[in-house]
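Each remark here refers to the structure printed beneath this line.
2 protein chains.
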Amino acid sequence: MAEEAAVTAAVLVIGDEILSGRTKDKNIGYIADYLGQIGIDLREVRIVPDVDDDIVAALNALRHRYGYVFTTGGIGPTHDDITADAVAKAFGVPISEDPRALALLLERIKPEDLNAARRRMARIPQGGELVENKISKAPGFMIGNVIVMAGVPSIMQAMLDGVTPRLKTGAKMLVETVEAGNLPEGLYAADLADIAERHNGVSIGSYPAFVDGRFRNSIVLRSKDEAVLARAVAETRAMIERLSRERKSA
Amino acid sequence: MAEEAAVTAAVLVIGDEILSGRTKDKNIGYIADYLGQIGIDLREVRIVPDVDDDIVAALNALRHRYGYVFTTGGIGPTHDDITADAVAKAFGVPISEDPRALALLLERIKPEDLNAARRRMARIPQGGELVENKISKAPGFMIGNVIVMAGVPSIMQAMLDGVTPRLKTGAKMLVETVEAGNLPEGLYAADLADIAERHNGVSIGSYPAFVDGRFRNSIVLRSKDEAVLARAVAETRAMIERLSRERKSA
């Protein structure tokens, strides 16, 4: 594997509706999968309410720490849509109506229907580049390393597709799963720790699920180095097979 | 409404598997609903990887800011289960095998099967009180204002039920929804902002969903004050009806 610097990212979900439980977030899992597939490592997620100070603080913490920050939510026409203003504040830049964004809105909205509320969706912080989407025409934007997207999943997904060609990506994380079935975690934990210890650059997790009154365990191995990953997977598989045999014959 | 201080909370989800997209989180939405129903306001959520420093930093940021912090994940027997140690580190207290936790494990595990990995699940930071669950016997714990729970949803849910009687709760948030149907957000945004402005203590959000190629909008009003909420709901409903009539006759 060529040595390549990891490209990292965080997701910032903005919205009272997620914190109140009214809306169940569908974007985090989608973005996590998506970034993994294009070679960007998702390292942190935060969910904050529609409160200016909270958005600014989270954004500034995340954008200085990670390669990219993807935000979702709060870019519509109503009074609770304050994301664009909060982003401008975080970057310390002015925000104003962007003629390119206005032109996009006018592809969908008649000039006589473009009231003040709708014009708010054309306000973009200075230095922001539009991120278009075909569904609503109201654009997201990218400023510095921050990508500002809608909260509605289908629109967010279109924006993610739209911005991807502009993103720097790194080596993809390779993932392999070894099913441990109903072999208890407690029986393989010591051997698995030993395998993890001896394979640098492979991150190994054990994940129990409780299905129909029984545990079923999966071991997930992740690495950007194919050869080391293959060795760790082979050892893990052999270890699970050995312990399963011993258990049956006990 | 009697004036009552709000009881606030944050959720800290711990786990590489959520950030990699392999596992789709099911706990955040559940906890959000649950806390709303018992009168605790969820104000922030963070998802961090299985990295000691990241867990400690997030936990210390959240536990000083909110009334409670609920963590999920990382309390099993394998090497990637480091939550209990990170919590001890965050609180600056030692961690050791807890006889009560060991006794619980022995209800399910034969003494000769209680190996070192399984005994790890009985390690509790000094000062922690156990949070039991009937499904796995391996307990979570509460230390200070931090409640440490499993990541497996059914076990997490049992622990949440187990700890609730010990929690301070506040006034419940009352929630009403006014359906705006296919009336565009841009048409009611100004009137809605005006209603929000005139009803202190009512938080109003407008939430578009994109279903079968069309937007459908819902307006959600939330308050702990029943009378003010009822007035804001009545005004919102009347406003949506008026705009819908005007639109049809236009």
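Protein chains in written order, with this note's numbering: chain A, 1 to 250; chain B, 1001 to 1250.
C-beta atoms are modelled at their ideal positions from N, C-alpha and C, and glycine is treated no differently.
Please read these numbers as outputs of a predicted model, since none were measured by experiment.
Does the beta-carbon of residue i have 16 or more other beta-carbons within 10 angstroms, so that it is buried, or is it exposed?
i, result
"serine 223 (chain A)", "buried"
"histidine 1079 (chain B)", "buried"
"serine 249 (chain A)", "exposed"
"glutamine 1037 (chain B)", "exposed"
"proline 125 (chain A)", "buried"
"alanine 1227 (chain B)", "exposed"
"glycine 127 (chain A)", "exposed"
"glycine 74 (chain A)", "buried"
"arginine 43 (chain A)", "buried"
"aspartate 161 (chain A)", "exposed"
"alanine 117 (chain A)", "buried"
"proline 1165 (chain B)", "exposed"
"alanine 251 (chain A)", "There is no way to answer for residue 251 (chain A), as the model of chain A reaches only from 1 to 250."
"alanine 1086 (chain B)", "buried"
"alanine 1158 (chain B)", "buried"
Nearest-angstrom Cα distance between residue i and residue j?
i, j, result
"isoleucine 1135 (chain B)", "alanine 1150 (chain B)", "11 Å"
"glutamate 1003 (chain B)", "aspartate 225 (chain A)", "Any reading at glutamate 1003 (chain B) needs caution, since the residue's pLDDT is 48, under 50, leaving its predicted position unreliable; the model's value is listed next. Roughly 59 Å separates the two Cα atoms."
"alanine 232 (chain A)", "alanine 238 (chain A)", "10 Å"
"glutamate 129 (chain A)", "arginine 1216 (chain B)", "28 Å"
"leucine 59 (chain A)", "valine 45 (chain A)", "11 Å"
"alanine 122 (chain A)", "proline 1139 (chain B)", "52 Å"
"methionine 1001 (chain B)", "isoleucine 47 (chain A)", "Low confidence applies to methionine 1001 (chain B): its pLDDT is 42, below 50, so where it sits in the model is not reliable, and the reading given next is rough at best. Rounded to the nearest angstrom, the two C-alpha atoms are 29 Å apart."
"alanine 1101 (chain B)", "arginine 1119 (chain B)", "9 Å"
"glutamate 1235 (chain B)", "leucine 1229 (chain B)", "10 Å"
"serine 1244 (chain B)", "alanine 1180 (chain B)", "9 Å"
"aspartate 289 (chain A)", "leucine 1105 (chain B)", "In the structure displayed, chain A extends from 1 to 250; residue 289 (chain A) sits before or after that span and is not available."
"phenylalanine 141 (chain A)", "tyrosine 34 (chain A)", "19 Å"
"lysine 1137 (chain B)", "leucine 174 (chain A)", "35 Å"
"glutamate 17 (chain A)", "threonine 23 (chain A)", "5 Å"
"threonine 177 (chain A)", "alanine 189 (chain A)", "16 Å"
"glutamate 256 (chain A)", "aspartate 212 (chain A)", "This structure cannot speak to residue 256 (chain A), because chain A is shown only from 1 to 250."
"threonine 83 (chain A)", "serine 1154 (chain B)", "35 Å"
"alanine 9 (chain A)", "aspartate 41 (chain A)", "6 Å"
"methionine 156 (chain A)", "proline 1099 (chain B)", "50 Å"
"leucine 1012 (chain B)", "threonine 1072 (chain B)", "7 Å"
"valine 163 (chain A)", "arginine 1242 (chain B)", "40 Å"
"glycine 1201 (chain B)", "isoleucine 1240 (chain B)", "21 Å"
"arginine 63 (chain A)", "lysine 89 (chain A)", "13 Å"
"serine 1020 (chain B)", "isoleucine 31 (chain A)", "9 Å"
"proline 49 (chain A)", "valine 131 (chain A)", "23 Å"
"glycine 15 (chain A)", "valine 1220 (chain B)", "12 Å"
"asparagine 1133 (chain B)", "asparagine 1115 (chain B)", "21 Å"
"serine 203 (chain A)", "serine 1218 (chain B)", "43 Å"
"valine 1007 (chain B)", "glycine 1076 (chain B)", "30 Å"
"alanine 1061 (chain B)", "alanine 57 (chain A)", "12 Å"
Grab the span of the alpha helix (DSSP H) containing residue i for me, first residue to last.
i, result
"glutamate 1226 (chain B)", "1226–1249"
"methionine 1142 (chain B)", "No alpha helix (DSSP H) holds methionine 1142 (chain B); the beta strand (DSSP E) holding it covers 1140–1143."
"serine 154 (chain A)", "153–163"
"valine 56 (chain A)", "52–65"
"alanine 1180 (chain B)", "No alpha helix (DSSP H) holds alanine 1180 (chain B); the beta strand (DSSP E) holding it covers 1174–1181."
"valine 87 (chain A)", "83–91"
"leucine 1130 (chain B)", "Note, leucine 1130 (chain B): premise wrong, no alpha helix (DSSP H); beta strand (DSSP E) at 1129–1131."
"leucine 114 (chain A)", "It is not in any alpha helix (DSSP H) - leucine 114 (chain A) carries neither H nor E in the DSSP assignment."
Output the boundary residues of the beta strand (DSSP E) element that contains residue i.
i, result
"isoleucine 1195 (chain B)", "Premise fails: isoleucine 1195 (chain B) lies in the alpha helix (DSSP H), 1185–1198, not in any beta strand (DSSP E)."
"leucine 221 (chain A)", "214–223"
"glutamate 44 (chain A)", "41–48"
"proline 1125 (chain B)", "1123–1125"
"serine 1206 (chain B)", "1203–1211"
"valine 11 (chain A)", "8–14"
"isoleucine 1095 (chain B)", "1095–1097"
"isoleucine 1147 (chain B)", "1146–1149"
"threonine 1071 (chain B)", "1068–1072"
With 9 Å as the limit, tell me which residues of the segment 224–243 of chain A have their beta carbon closer than that to any beta carbon of chain B; keep them in chain order.
Across the segment 224–243 of chain A, no CB contact with chain B closer than 9 Å is found for any residue.
Should the segment 1065–1075 of chain B be called in touch with the segment 1146–1158 of chain B, which here means at least 3 C-beta pairs below 8 Å?
At 8 Å Cβ cutoff, the stretches touch.
Are the segment 17–36 of chain A and the segment 94–111 of chain A in contact at 8 Å, needing three or more beta carbon pairs?
No, they do not touch.
Do the segment 1089–1098 of chain B and the segment 194–211 of chain A touch if we need at least three Cβ pairs shorter than 8 Å?
Verdict: no, contact absent.
If we count Cβ pairs, one from each stretch, closer than 8 Å, do we get three or more for the segment 1150–1169 of chain B versus the segment 1193–1201 of chain B?
No contact exists between the segment 1150–1169 of chain B and the segment 1193–1201 of chain B.
Compile a chain-ordered list of the residues in the segment 162–174 of chain A whose CB is closer than 8 Å to at least one CB of chain B.
So the list reads Met173, given in the order they occur along the chain.
Do three or more CB pairs link the segment 1182–1194 of chain B to the segment 1049–1065 of chain B at distances below 8 Å?
The segment 1182–1194 of chain B and the segment 1049–1065 of chain B do not touch, with fewer than 3 CB-CB distances between them shorter than 8 Å.
Which residues of the segment 1027–1045 of chain B have a Cβ closer than 9 Å to any Cβ of chain A? Give them in chain order.
Flagged, chain order: Ile1028, Gly1029, Tyr1030, Ile1031, Ala1032, Asp1033, Tyr1034, Leu1035, Gly1036, Gln1037, Asp1041, Leu1042, Arg1043, Glu1044 and Val1045.
Interfacial residues, the segment 73–87 of chain A to chain B, with Cβ spacing under 7 Å:
In summary, the residues of the segment 73–87 of chain A whose CB is separated from some CB of chain B by less than 7 Å are Gly76, Pro77, Thr78, His79 and Asp80, in the order they occur in the chain.
Residues within the segment 1098–1116 of chain B neighbouring chain A, beta-carbon criterion of under 9 Å
Residues passing the 9 Å Cβ filter: Ile1109, Asp1113, Leu1114, Asn1115 and Ala1116.
Near-chain A residues of the segment 1206–1219 of chain B (beta-carbon distance less than 7 Å), N- to C-terminal order
Answer set for the segment 1206–1219 of chain B: Ser1206, Tyr1207, Pro1208, Ala1209 and Phe1210.
Pull out every residue of the segment 1185–1196 of chain B whose Cβ sits closer than 7 Å to any Cβ of chain A, in chain order.
For the segment 1185–1196 of chain B, which is checked against every Cβ of chain A, the residues closer than 7 Å are Glu1185, Gly1186, Ala1189, Ala1190, Leu1192, Ala1193 and Ala1196.
Can you give me, in chain order, the residues of the segment 54–73 of chain A that have a beta carbon less than 7 Å from any beta carbon in chain B?
Within the segment 54–73 of chain A, no residue has a Cβ that lies closer than 7 Å to any Cβ of chain B.
Please name the residues in the segment 1006–1023 of chain B whose beta-carbon is closer than 9 Å to at least one beta-carbon of chain A, in chain order.
The residues in question are Val1011, Val1013, Gly1015, Asp1016, Glu1017, Ile1018, Leu1019, Ser1020, Gly1021, Arg1022 and Thr1023.
Interface residues of the segment 1130–1154 of chain B facing chain A [CB-CB below 7 Å]:
Contact residues of the segment 1130–1154 of chain B toward chain A are Ile1135, Val1152 and Ser1154 (C-beta to C-beta distance below 7 Å).
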